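Below: one structure, written as structure tokens.
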Amino acid sequence: MEEEKNPKKPLIFYYIISLIAILLLNAIVVPAVMRKRVTEVDYGQFLNAIERGRVRRVEVDETQTHILFVAEDEAGTEKVYTTAAMNDPDLVNRLYNSSTNISFTRVVPKQNSPLLSLLLTWIIPILIFWGLGQLLARQLQNRMGNVMAFGKSNAKIYVEEAQVGKTFADVAGQDEAKEALTEIVDFLHDPEKYTAIGATLPKGALLVGPPGTGKTLLAQAVAGEAKVPFFSISGSEFVEMFVGMGAAKVRDLFKQANEKAPCIVFIDEIDTIGKKRGDGAFGGHDEREQTLNQLLTEMDGFDARKGVVILAATNRPESLDKALLRPGRFDRRIPVELPDLNGREAILKVHAKKVKLEGDIDFTAIARATAGASGADLANIVNEAALRAVRENRTAVSQRDLEESIEVIVAGYERKNAAISPKEKEIIAYHEIGHALVAAKQTESAPVHKITIVPRTSGALGYTMQVDVDERNLMSKEEAFSRIATLTGGRAAEQLIFNSITTGAANDIEQATRIARAMVTRFGMSDVFGMTALETVTNQYLGGDTSLACSAETAAKIDEEVIGLIKSAHERAISILKDNMDKLHELAQYLLDKETISGEEFMEILNR
Ligand code: ADP
Ligand code: MG
Ligand code: ZN
């Protein structure tokens, strides 16, 4: 069906038109009728009016039952009156003799032509209703446009680089991913090179990785580099209200792609349609399955040598249907992981090009302080820094801006006017120094970078930042245990100094428990269970949720083991603090005074 070019005027437009029409009718027609309003008077008044010379015109109708006359009232305005016609032989004389010039006529009532009345009472209303009906039908059609354009895919087509304007130069780090994609770009440029030797390129490549690592960006860069038509569609766009339409869209997308080959089809967030079949909990998974089946069929059906390459991106690869991943479909999997130290530095530099920088900036330091940040986080940090510079009326971004914006991303903005009593401030200062001291006195933990007790909008009342000198890829059992001890250090200091405990350690407790659990159930770091996997990660890239894979008895033992681990780490923290009581006091007082201290200041006092 031909898709209609619909103007898409909102319904309100028609309402307004009708409203105006009604108002116009009211303003023009009704007063005209009103003016003609006829007042009924008795015959005496009529005679009276003749005598006073007020009557201007008289009409007597054929049946002689009514007289219609125009007369002036007291104010001198002419009005129409009617009166019952008496059998008055004198009337004509009376009128004739009247001092004023009365024109009097006998009228034959207008015989409405039957055609006209038919027109007025039937044809016009019907025409109006028909017109309204048409209008409504048009409206409905516009609204349900999807139904009419059954199965049209609304894939955006980028044909030229200029339309997206992204190239591989915009993607920093991710060298392996770029390399894998470069091959695809090269194939699309020069397919003969590959077919001559008999090589076929994978039909599809799946970009997998945590959110914000640049998967969508990479696909756009491929479009920019390949200079072939690029169909981009998000998985959620296949999810339709009506069964069968998602499948029809897939069909249409591939039909278009086949016509435009060589080209690239990019399906973003493919997990929306590519979920494992049969685990749809309720409602509408039939539709999703149909869509997925259609996608599988289409992927089998076309010839890769024609040069249609399918890219897809997801951050939940484990939820994808296995059929999608088998050879011949998305057989190439391109990991797009969180950037390492060098990657972060490169990404920072790419984004820093867009802002004005003050002097030379030490990007390595920023990259070091942002372990675990994604490309999107880093882009955000650079932008936050620029905003901060503007806020402070400066024209360029400084190192301080960047450092401060890391904290904004991690912990939120400073809450300068938060109401915190001196007593609470003191507790917070000891808590943070507790963390820092325990960290500093253990050989296996990262150096303290900064300690602050300025509250943040994230709810943190203070924090201790540790920054590793090198990129860490592995964590030893001793390191993991040190981290737990460091996390318990805050609470330990509160206990030792104030002999009471506060809710301030809630976040520490959560983190410590997570590490301890992982040590026992996933890292094989407990003596009791050894190298047994007791939990499986269900959501590798999104928060790393886990689910237990063991019996209830084992679960109980795991809990015991976790509790034991944390207890002994806590004990270690307490003993470290006891041994360094004077330093704890000295540093806490110093922090209370300064509110924020650097790692160097901290070490200087500690080693004094
Ligand atoms: P994803 O699709 O993996 O969730 P995006 O591709 O949408 O992430 O990335 C979001 C933004 O983060 C990008 O627009 C870009 O500004 C920034 N970004 C992410 N990774 C990189 C990178 N490797 N190089 C440069 N910028 C990046
Ligand atoms: Mg994306
Ligand atoms: Zn704490």
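Heads up, the sequence shown is in the working numbering, so the first residue is 35 and it goes up one at a time. C-beta: ideal position from N, C-alpha, C; glycine also. Source: prediction; values computed, not measured.
- What is the DSSP secondary structure of residue 182, reduced to helix, strand or coil? Because residue 182 carries a pLDDT of 46, less than 50, the predicted location of this residue cannot be relied on, and the following value inherits that uncertainty. Residue state, collapsed to three classes: helix.
- Start-to-end residues for the beta strand (DSSP E) that takes in residue 238: 238-242
- Quick one: using the 10 Å Cβ neighbour count with 16 as the cut-off for buried, is residue 641 buried or exposed? exposed
- Message: What does the Cβ neighbour count give for residue 208, buried or exposed, with the cut at 16 atoms within 10 Å?
- Response: buried
- Query: Is there contact between the stretch 340-349 and the stretch 234-247, where contact requires at least three CB pairs shorter than 8 Å?
  - Reply: yes
- Query: Run through DSSP, which three-state label would residue 442 get?
  - Reply: helix
- Message: I need the DSSP call for residue 155, collapsed to helix, strand or coil.
- Response: helix
- Query: According to the neighbour-count rule (16 or more other Cβ atoms, all chains shown, within 10 Å of its Cβ), is residue 500 buried or exposed?
  - Reply: buried
- Neighbourhood of residue 476 by C-beta distance below 6 Å, restricted to the same chain and skipping five residues each side: 516
- Between the C-alpha atoms of residue 379 and residue 214, what's the straight-line distance to the nearest angstrom? 22 Å
- Count the other C-beta atoms from every protein chain shown that fall within 10 angstroms of the C-beta of residue 249, then say buried if there are 16 or more, exposed otherwise. buried
- Message: What ranges does the beta strand (DSSP E) occupy inside the stretch 47-134, keeping only unbroken runs of at least 3 residues that lie completely in it?
- Response: 72-74, 89-95, 100-106, 112-118
- Within its chain, find whatever has a CB closer than 7 Å to the CB of residue 374; leave out the 5 residues flanking it on each side and keep chain order. 505
- heavy atom of the ligand ZN below 7 Å from residue 539 C-beta: yes
- With residue 268 and residue 302 assumed to form a contact (beta carbons below 8 Å), what rounded beta-carbon distance in angstroms separates them? 5 Å
- In three-state DSSP terms, what is residue 268? strand
- Query: Do you know offhand how far residue 326's Cα is from residue 288's?
  - Reply: 13 Å
- Between residue 423 and residue 430, is the Cβ-Cβ spacing less than 8 Å? yes
- Terminal residues of the continuous alpha helix (DSSP H) containing residue 625? 615-628
- Task: Let me know if residue 181 comes out buried or exposed under the rule of 16 or more other beta-carbons within 10 Å of its beta-carbon.
- Result: Any reading at residue 181 needs caution, since the residue's pLDDT is 49, under 50, leaving its predicted position unreliable; the model's value is listed next. Exposed.
- Message: Here's a check: name, in chain order, each residue in its chain whose Cβ is nearer than 6 Å to the Cβ of residue 410, leaving out the five neighbours to either side.
- Response: 246
- Message: Is any non-hydrogen atom of the ligand ZN found closer than 7 Å to the C-beta of residue 465, if you look at the structure I gave you?
- Response: yes
- Measuring from the CB of residue 411, is there a heavy atom of the ligand MG at a distance below 7 Å? no
- Query: Contact between the stretch 357-377 and the stretch 591-600: three or more CB pairs below 8 Å?
  - Reply: no
- Any chance you could list the residues with Cβ under 5 Å from a heavy atom of the ligand ZN, keeping chain order? 524, 542
- Query: With a cut-off of 8 Å, do at least 3 Cβ pairs link the stretch 118-127 to the stretch 98-107?
  - Reply: yes
- Message: From the DSSP secondary-structure annotation, give me the bridge partner or partners of residue 225.
- Response: Residue 225 is not bridged to any residue.
- Task: Below 6 Å CB to CB, which residues in the same chain sit around residue 464 once its five sequence neighbours on both sides are set aside?
- Result: 527, 531, 622
- Compute every distance between the C-beta of residue 200 and the non-hydrogen atoms of the ligand MG, then say whether any falls below 7 Å. no
- Cβ separation of residue 284 and residue 329, assumed to be a contact under 8 Å, to the nearest whole Å: 5 Å
- Query: Would DSSP call residue 219 helix, strand or coil?
  - Reply: helix
- Taking one C-beta from the stretch 259-273 and one from the stretch 384-398 each time, how about it: are there three or more such pairs within less than 8 Å? no
- Item | Simplified DSSP state of residue 194, which is helix, strand or coil | With a pLDDT of 42 at residue 194, under the threshold of 50, the modelled position of that residue is not reliable, and the figure given next carries that caveat. Of the three classes helix, strand and coil, the one that applies to residue 194 here is coil, per DSSP.
- Query: Roughly how many angstroms separate the alpha carbons of residue 591 and residue 545, rounded to a whole number?
  - Reply: 20 Å
- Message: Looking at the secondary structure, which residues open and close the beta strand (DSSP E) in which residue 367 lies?
- Response: 366-369
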